[in-house]
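Residue numbers (this note's numbering): 243 to 497. Below is one structure, written out as structure tokens, with a few remarks after it.
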């Protein structure tokens with residue numbers, strides 16, 4: 243665990259990040275460790291977890307879990323309880339994007355998208371309810387697209403709107419326990435997102451250009467820029483922030 247931050251904002255906190263082996267999840271795990279937290283990351287494959295843990299170093303733990311499997315999520319919650327006792331930060335980040343025109347969406351693609359992004363997020367939070375500490379932070383990864391529309395994005399955009407709705411209701415239901423629930427909505431950020439989705443190759447190659455055309459800042463984001471928002475939402479600095487949607491997209495959604 244790094245001691246480079248003398249006034250660590252997450253000192254002593256215990257965090258779980260699903261989908262923590264690459265991209266935004268890995269960047270957030272790095273920042274959480276730097277800010278004094280201990281972190282469990284998940285991924286679907288042990289190889290990916292091993293690589294991430296080697297990069298993260300001391301204070302990081304790994305657990306193989308498929309976020310679409312309720313039994314895996316329960317096993318993860320049990321592991322977190324055995325490892326930490328209680329969890330102060332739950333970052334439900336695992337997910338992906340499935341893209342297709344409306345007339346090409348079949349039942350399998352529909353189910354896959356909503357299993358990945360909606361079912362996974364909901365049952366992650368449910369599994370951890372008995373493990374969350376009294377003043378914990380739950381963060382769910384949504385997307386700036388939850389309030390937009392674009393051809394081919396019906397399933398992905400709707401799935402991210404669904405988890406935004408989850409956060410509002412969960413915040414209302416869990417506030418009495420002192421549990422805060424917020425969504426973090428990134429814009430276009432260079433990660434392995436497109437590589438792991440069914441997005442066409444041309445979309446993968448053009449995504450930075452898409453950001454430049456639509457965002458006032460004229461560029462794509464960086465994983466660490468999203469991770470900084472995740473640090474804030476996890477910290478006591480955000481003690482009065484709940485049911486909110488924090489958008490980090492260079493202004494893309496709001497212009």
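All C-beta atoms in this analysis are idealised placements derived from N, C-alpha and C, irrespective of residue type, glycine included.
Original post:
On the three-state DSSP scale, how would you describe residue 465?
Top reply: If you number the chain shown from 1, residue 465 lands on position 223. Helix at residue 465.
Original post:
Apart from the five residues just before and just after residue 332, which ones in its own chain have a Cβ nearer than 6 Å to its Cβ?
Top reply: Looking up residue 332 in the chain shown gives position 90. So the list reads 258, 370, 380, once near-sequence residues are dropped.
Subject >> DSSP three-state assignment for residue 282, whether helix, strand or coil >> reply: Within the chain shown, residue 282 is the residue found at index 40, counting from 1. Looking at residue 282 - three-state DSSP - the assignment turns out to be strand.
Subject >> For residue 411, the nearest candidate out of 364, 387, 262 (CA to CA) >> reply: Counting from one through the chain shown, the residue named residue 411 turns up at place 169. Checking every option, the nearest Cα to that of residue 411 belongs to 364.
Subject >> Beta-carbon proximity list for residue 399, same chain, < 8 Å, skipping 5 on both sides >> reply: Sequence index remark: in the chain shown, residue 399 carries index 157 (1-based). Taken in chain order, the residues that qualify are 385, 387, 388, 390, 391, 392.
Subject >> C-beta contact flag for residue 285 and residue 253 at 7 Å >> reply: By one-based count along the chain shown, residue 285 stands at place 43. By one-based count along the chain shown, residue 253 stands at place 11. For residue 285 and residue 253, no; Cβs fall outside 7 Å.
Original post:
Nearest-angstrom Cα distance between residue 245 and residue 276?
Top reply: What you label residue 245 is simply residue 3 of the chain shown in a count that begins at 1. What you label residue 276 is simply residue 34 of the chain shown in a count that begins at 1. For residue 245, the predicted structure reports a pLDDT of 46, less than 50, and the residue's modelled location is therefore unreliable. A value from the coordinates is still provided. If you take the alpha carbons of residue 245 and residue 276, they lie about 7 Å apart.
Original post:
Relative to the alpha-carbon of residue 430, which residue among 422, 265, 250 has its alpha-carbon at the smallest distance?
Top reply: Mapped onto the chain shown, residue 430 falls at position 188. Comparing Cα positions, the closest option is 265.
Original post:
If we ignore side chains and look at the alpha-carbon of each, how far apart do residue 471 and residue 298 end up?
Top reply: The residue given as residue 471 occupies position 229 in the chain shown. The residue given as residue 298 occupies position 56 in the chain shown. Those two C-alpha atoms are separated by around 19 Å.
Original post:
Closest by CA to residue 383, which one among 324, 267, 251?
Top reply: In the chain shown, counting from the first residue as 1, residue 383 sits at position 141. It is 267.
Original post:
Relative to the alpha-carbon of residue 359, which residue among 348, 346, 334, 373 has its alpha-carbon at the smallest distance?
Top reply: Counted from its first residue, the chain shown places residue 359 at position 117. For residue 359, the nearest C-alpha among the options comes from 334.
Original post:
How about residue 432 and residue 462: are their beta carbons less than 7 Å apart?
Top reply: As a first step, residue 432 is located in the chain shown; it is residue number 190 there, counting from the start. As a first step, residue 462 is located in the chain shown; it is residue number 220 there, counting from the start. Closer than 7 Å, so yes.
**OP:** Output the distance between the C-alpha atoms of residue 351 and residue 395, rounded to the nearest integer angstrom.
**Re:** The residue labelled residue 351 in the question sits at position 109 within the chain shown. The residue labelled residue 395 in the question sits at position 153 within the chain shown. Answer to the nearest angstrom: the Cα atoms are 12 Å apart.
Original post:
In this structure, does DSSP put residue 264 in helix, strand or coil?
Top reply: Numbered from 1 along the chain shown, position 22 holds the residue referred to as residue 264. It is coil, neither helix nor strand.
**OP:** Please name the residue in 281, 357, 348, 458 whose C-alpha comes closest to that of residue 338.
**Re:** If you number the chain shown from 1, residue 338 lands on position 96. Looking at the Cα atoms, 357 is the closest of the given residues.
Original post:
So does residue 464 have its beta carbon nearer than 6 Å to some heavy atom of the ligand MN?
Top reply: By its list of ligands, the structure shown contains no ligand whatsoever, and the ligand MN lies outside what it can speak to.
**OP:** Ignore the nearest five residues each way along the sequence and tell me which others in residue 376's own chain have a CB closer than 7 Å to its CB.
**Re:** For the purposes of this step, residue 376 is identified with residue 134 of the chain shown, where counting begins at 1. Taken in chain order, the residues that qualify are 419, 420.
**OP:** Quick one: using the 10 Å Cβ neighbour count with 16 as the cut-off for buried, is residue 423 buried or exposed?
**Re:** Taking the chain shown and counting its residues from 1, the one referred to as residue 423 is at position 181. Classification for residue 423: buried.
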